[in-house]
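78 is the number that numbering that gives the first Met the number 0 gives to position 79 of the sequence shown; each next residue is one higher, with no gaps.
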Amino acid sequence: MGERILVPYDGSELSERALERVVTRHPDAEVNVLYVVDPVHGVYTAESRGLPDAERWYAEAKATATETLEAAAALAADHGVEVVQARAVGNPHRVIVEYVDAHDVDHVVMGSHGRTGVSRVLLGSTAEKVVRRCPVAVTVVR
Numbered sequence: 000m001g002e003r004i005l006v007p008y009d010g011s012e013l014s015e016r017a018l019e020r021v022v023t024r025h026p027d028a029e030v031n032v033l034y035v036v037d038p039v040h041g042v043y044t045a046e047s048r049g050l051p052d053a054e055r056w057y058a059e060a061k062a063t064a065t066e067t068l069e070a071a072a073a074l075a076a077d078h079g080v081e082v083v084q085a086r087a088v089g090n091p092h093r094v095i096v097e098y099v100d101a102h103d104v105d106h107v108v109m110g111s112h113g114r115t116g117v118s119r120v121l122l123g124s125t126a127e128k129v130v131r132r133c134p135v136a137v138t139v140v141r
């Protein structure tokens with residue numbers, strides 16, 4: 000077996016590009032696709048709808064994760080590649096780095112949302128944090 004590659008996947012165009020890059024350039028790799036449910040989004044959503052909806056938000060987030068991972072698996076299957084699907088809850092950059100450590104990942108390939116200026120400073124960049132903290136090579140697809 001070739002290398003083990005992790006693709007953090009949220010269904011965005013850039014995460015699709017990252018996955019396509021991996022399945023076309025590394026067809027013999029074990030491809031792990033990870034969807035991270037960020038609970039911070041649940042707090043914002045719960046505040047806008049009221050806190051009792053937090054449980055419903057979490058159920059919807061898990062369903063979205065499942066649908067998104069299935070879409071990733073279908074995209075990879077179009078290229079003749081099977082993927083290992085994983086879902087986790089937490090701060091995305093921390094979860095990604097923890098997954099790398101726990102699953103002996105050799106390389107991370109992820110999309111960048113391309114934020115610049117003030118929005119990047121205020122919101123931060125998951126890709127940038129992963130690049131700084133990850134113990135393996137990280138390729139950021141723009």
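The beta carbon of each residue, even a glycine, is placed where N, CA and C say it ideally should be.
Strand pairing of residue i, partner residues [DSSP]
| i | result |
| --- | --- |
| Y98 | Y98 pairs with nothing; no bridge assigned. |
| T138 | V108 |
| N31 | L5, V83 |
| V88 | V36 |
CA-to-CA distance, residue j to residue i, given in whole angstroms
| i | j | result |
| --- | --- | --- |
| V21 | E59 | 29 Å |
| E97 | H106 | 13 Å |
| H102 | H112 | 25 Å |
| G79 | V36 | 27 Å |
| R24 | A62 | 30 Å |
| R141 | L18 | 12 Å |
| E29 | P7 | 14 Å |
| V83 | D52 | 31 Å |
| T65 | E81 | 16 Å |
| G10 | R131 | 23 Å |
| G89 | P38 | 6 Å |
| N31 | G1 | 13 Å |
| R75 | A85 | In the sequence on display, residue 75 carries Ala and not Arg. Those two C-alpha atoms are separated by around 15 Å. |
| E127 | P26 | 26 Å |
Simplified DSSP assignment, three categories, for residue i
| i | result |
| --- | --- |
| D77 | coil |
| R119 | Low confidence applies here, because R119 scores a pLDDT of 49, under 50, leaving its location unreliable; read the following figure in that light. The answer is helix: DSSP assigns R119 an H, G or I state. |
| D52 | helix |
| S174 | The shown model of the chain, from 0 to 141, leaves out residue 174, and the question about it has no answer. |
| V130 | helix |
Inter-residue CB distance, residue i and residue j (contact presumed, cutoff 8 Å)
| i | j | result |
| --- | --- | --- |
| R94 | P134 | Reading the sequence as shown, one finds Val at residue 94 and not Arg. In fact, because the Cβ distance is near 15 Å, the residues do not count as touching under 8 Å. |
| P146 | T125 | The structure shown does not extend to residue 146, since the chain is modelled only from 0 to 141, so the question has no answer here. |
| V104 | L13 | Actually they are not in contact, since the Cβ atoms of V104 and L13 sit about 19 Å apart, beyond 8 Å. |
| G110 | R3 | Not a contact, Cβ separation roughly 19 Å. |
| A87 | L33 | 7 Å |
Closer than 7 Å: residue i CB and nearest the ligand NAD heavy atom
| i | result |
| --- | --- |
| R93 | The ligand NAD is absent from the structure shown, which contains no ligand whatsoever. |
Any C-beta of chain B under 8 Å from that of residue i
| i | result |
| --- | --- |
| V21 | The chain labelled as chain B is not found in the depicted structure, where only one protein chain is given. |
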